[in-house]
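Residue numbering for the sequence shown follows numbering that gives the first Met the number 0, starting at 0 and increasing by one per position.
For every residue, glycine included, the Cβ atom is placed at its ideal position computed from N, Cα and C.
What follows is a short report on a single structure.
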Amino acid sequence: MFWLATSTTVAALMAVTMIFIRLKASKKPASVKKIILPPLFMSTGALMFLFPVFRVNLLQVFEAVLVGIIFSVFLIKTSKFEIKDRYIYLIPSKSFIFILFGLLLVRIMIKLSIGATISFGEMSGMFFLLAFGMIVSWRLAMLYKFKKLEKKLEYPEP
């Protein structure tokens with residue numbers, strides 16, 4: 000129970016931090032680097048799988064990544080860019096806060112439902128894969144949208 004409460008608290012703090020980071024980032028122009036670096040930084044977390052306690056089987060990998068991709072749809076739908084003064088900015092979405100906390104709530108419900116059937120280490124590995132699948136697919140979609148707008152800057156419409 001201690002680990003469940005602790006990991007949930009940490010996840011909630013991360014969600015609040017993400018909200019502030021996202022709001023701050025919307026005040027500065029977006030860039031390819033700002034879009035692709037977060038998943039690259041997060042990828043170092045895969046080192047956890049060097050330890051047997053965190054390893055999951057192939058089916059669990061596919062399940063976790065698929066759920067992450069499904070969750071990313073909400074973030075993809077609310078991530079929009081606009082051109083201001085020849086720069087591309089990420090538009091802050093009012094629903095982003097609700098989506099983050101909604102995803103956190105779903106994550107807690109999943110954790111409560113499967114927490115008794117798999118070990119804490121396996122669950123940690125699966126939630127890392129879920130989060131990684133979510134951020135990679137979200138950021139790839141953001142990169143696609145950004146590049147599409149960037150072409151409009153290079154070739155303005157007549």
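- Bounds of the alpha helix (DSSP H) holding L65 are 57-77.
- Taking every protein chain shown into account, the CB of F1 has fewer than 16 other CB atoms within 10 angstroms, so this residue is exposed.
- Cβ-Cβ distances below 8 Å link A45 to F127, F131 in the same chain, with the five nearest sequence neighbours on each side left out; the list follows chain order.
- In the displayed model, Y86 falls within a strand according to three-state DSSP.
- In this structure, I87 places its C-beta atom within 8 Å of the C-beta atom of P28.
- The residues F53, V55, in chain order, have a CB closer than 6 Å to that of G124 in the same chain once the five nearest residues on each side in sequence are set aside.
- Assignment of beta-bridge partners to E81 by DSSP yields Y88.
- Take F100, set aside five residues on each side of it, and the residues of its chain with a beta-carbon closer than 7 Å to its own are A14, in chain order.
- Cα atoms of V105 and I98: separation of roughly 10 Å, rounded to the nearest angstrom.
- Beta-carbon to beta-carbon, I35 and L142 are separated by about 7 Å, close enough to satisfy the 8 Å threshold.
- Residue I96 holds the alpha-carbon nearest to the alpha-carbon of L22 among I96, T116, R85, G67.
- Judged by beta-carbon spacing, P51 lies beyond the 8 Å limit of R138, meaning their Cβ atoms are not closer than that value.
- For I113, the CB contacts under 8 Å within the same chain, skipping 5 residues up- and downstream, are M122 in chain order.
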